[in-house]
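Peer 1:
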Amino acid sequence: MDDHDREIGKGEDRPEIDRGPLRDILLNSLKPDTVIWDSQFVSMESHQDGWYLNFKNGTTTYADLVIAADGANSKIRPLISTIKPIYSGITLIEGNIYDAAIHAPKLVEFAKDGKVMAFGQGQFVGYGSKGDGSIMFVASFKCPEHWFKENGIDLKDKQQADQWFRQEFVEWSTAWSEFFRNEHVQLILRPQYYFPLDQSWEANHNLTMIGDAAHRMPPFAGEGANVAMQDAFELASCLTSDKFSDLKSAIAFFEADMIKRGAEATADTLKNSEIMHANNALEQMLTFFNLTHED
681 MDDHDREIGK
691 GEDRPEIDRG
701 PLRDILLNSL
711 KPDTVIWDSQ
721 FVSMESHQDG
731 WYLNFKNGTT
741 TYADLVIAAD
751 GANSKIRPLI
761 STIKPIYSGI
771 TLIEGNIYDA
781 AIHAPKLVEF
791 AKDGKVMAFG
801 QGQFVGYGSK
811 GDGSIMFVAS
821 FKCPEHWFKE
831 NGIDLKDKQQ
841 ADQWFRQEFV
851 EWSTAWSEFF
861 RNEHVQLILR
871 PQYYFPLDQS
881 WEANHNLTMI
891 GDAAHRMPPF
901 AGEGANVAMQ
911 DAFELASCLT
921 SDKFSDLKSA
931 IAFFEADMIK
941 RGAEATADTL
951 KNSEIMHANN
961 ALEQMLTFFN
971 LTHED
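And the structure:
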């Protein structure tokens with residue numbers, strides 16, 4: 681990160697890293713066989729003072745403490761809380777293009793190994809180059825929760841995908857269609873949800889959750905992964921501390937703090953979501969970064 685990056689980030693050091701290398705760093709810090717692969721979680725049942733966990737490969741194991749870190753569509757969360765996520769009013773379409781210099785050369789050249797954020801008419805398109813030569817891009821806009829299904833749009837059909845983009849992003853340059861008609865990209869529909877800021881639940885003595893399972897939120901503030909990693913080390917600190925009389929007390933302390941932090945990050949995310957999808961989004965973002973159109 682250079683001084684210019686620090687300046688537009690208002691003095692904050694916010695280094696970035698691709699998810700793949702970060703994942704490798706975290707995995708390589710563990711002892712061998714800590715992570716057991718090819719064991720997709722299916723279900724679990726309470727047994728004595730712990731849990732039996734069932735996996736898709738047919739295996740079962742017992743755990744005296746379970747930490748749900750299985751993402752926004754967590755299968756474990758319903759055992760902790762029945763609170764449902766709320767649709768944010770924004771739907772996002774995500775795509776990844778590998779060997780992007782070959783398959784999306786014009787947009788790769790435009791990005792110049794950096795990130796692009798484009799705003800217009802309450803809509804957003806963003807993408808960035810990754811270290812492996814791929815591009816991950818998103819296009820988002822405000823619409824009803826089931827808009828794509830109700831309008832019979834199948835994003836697996838490249839012609840339909842491109843037609844959707846040209847119709848809904850009608851004032852945008854046709855250059856963006858390099859993403860949507862691309863034969864080398866799979867588009868993923870992602871309606872954006874979040875959990876209520878005032879959510880709460882009764883702490884368990886042998887079960888808790890972290891990350892998106894606990895505080896799902898849209899990506900428009902870039903806080904989801906940061907909060908999830910903080911959850912992990914805060915929980916580890918509580919579980920290994922000698923100031924708690926039992927596991928339930930440690931988990932209750934952790935969850936109270938986690939819910940508060942998650943709510944603050946979610947509030948920031950929802951605020952950013954509105955800014956980035958406002959009709960004057962570009963002006964607001966330029967003001968945020970202390971820039972002008974000439975910059």
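Heads up: the sequence shown begins at 681 in our numbering, then just goes up one per residue.
No residue lacks a Cβ here, since even glycine has one placed at the ideal position from N, Cα and C.
1) Ignoring anything shorter than 4 residues or poking outside the segment 769 to 815, list the alpha helix (DSSP H) runs there in chain order.
2) In this structure, how does DSSP classify residue 830 when only helix, strand and coil are distinguished?
3) Do residue 760 and residue 881 count as a contact pair if the criterion is CB distance below 8 Å?
4) Any chance you could list the alpha helix (DSSP H) runs of at least 4 consecutive residues sitting entirely within the segment 856 to 928, in chain order?
5) Going by C-alpha distance, which of 718, 923, 762, 893 is nearest residue 753?
6) Alpha carbons only, please: which of 884, 959, 840 is nearest the one belonging to residue 867?
7) In this structure, how does DSSP classify residue 969 when only helix, strand and coil are distinguished?
8) Could you pull out every residue in the same chain whose Cβ sits closer than 7 Å to the Cβ of residue 858, ignoring the five residues on either side in sequence?
9) Helix, strand or coil for residue 745, going by three-state DSSP, please let me know.
10) Suppose you measure from the CA of residue 978 to the CA of residue 824; what does that come to, to the nearest Å?
11) Rounded to whole angstroms, what's the CA-CA distance from residue 747 to residue 852? Just pull it up for me.
12) Could you check what DSSP says for residue 761 in three-state terms: helix, strand or coil?
13) Kindly indicate which residue of 887, 811, 895, 818 has the alpha-carbon position closest to the one of residue 919.
Peer 2: With the given structure in hand:
1) Counting whole runs of 4 or more residues, the segment 769 to 815 contains the alpha helix (DSSP H) stretches 780 to 783, 785 to 791.
2) In the sequence shown, residue 830 corresponds to position 150, counting from 1. Residue 830 carries a helical assignment under DSSP once its states are collapsed to helix, strand and coil.
3) In the sequence shown, residue 881 corresponds to position 201, counting from 1. In the sequence shown, residue 760 corresponds to position 80, counting from 1. Yes, Cβ-Cβ distance for residue 881 and residue 760 is below 8 Å.
4) Runs of the alpha helix (DSSP H) inside the segment 856 to 928: 857 to 860, 892 to 895, 904 to 919.
5) Counting from 1 along the sequence shown, the entry for residue 753 is found at position 73. Looking from the CA of residue 753, the closest CA among 718, 923, 762, 893 belongs to 893.
6) For the purposes of this step, residue 867 is identified with residue 187 of the sequence shown, where counting begins at 1. Answer by Cα proximity: 840.
7) Position 289 of the sequence shown, counted from the first residue, corresponds to residue 969. Coil at residue 969, not helix or strand.
8) Here residue 858 corresponds to residue number 178 of the sequence shown, with the count starting at 1. A distance below 7 Å between beta-carbons, with the five flanking residues on each side excluded, links residue 858 to the following residues of its chain, in chain order: 784, 786, 787.
9) As a position in the sequence shown, residue 745 is number 65, starting the count at 1. In the structure shown, the three-state DSSP call for residue 745 is coil.
10) For residue 978 there is no data in the structure shown, the boundaries of the chain being 681 and 975.
11) On the sequence shown, residue 747 is found 67 positions in, with the first residue counted as 1. On the sequence shown, residue 852 is found 172 positions in, with the first residue counted as 1. If I take the Cα positions, the gap works out to 44 Å.
12) Position 81 of the sequence shown holds residue 761. Residue 761 sits in coil when the DSSP states are folded into three classes, being neither helix nor strand.
13) Taking the sequence shown and counting its residues from 1, the one referred to as residue 919 is at position 239. Among 887, 811, 895, 818, the Cα nearest to that of residue 919 is on 887.
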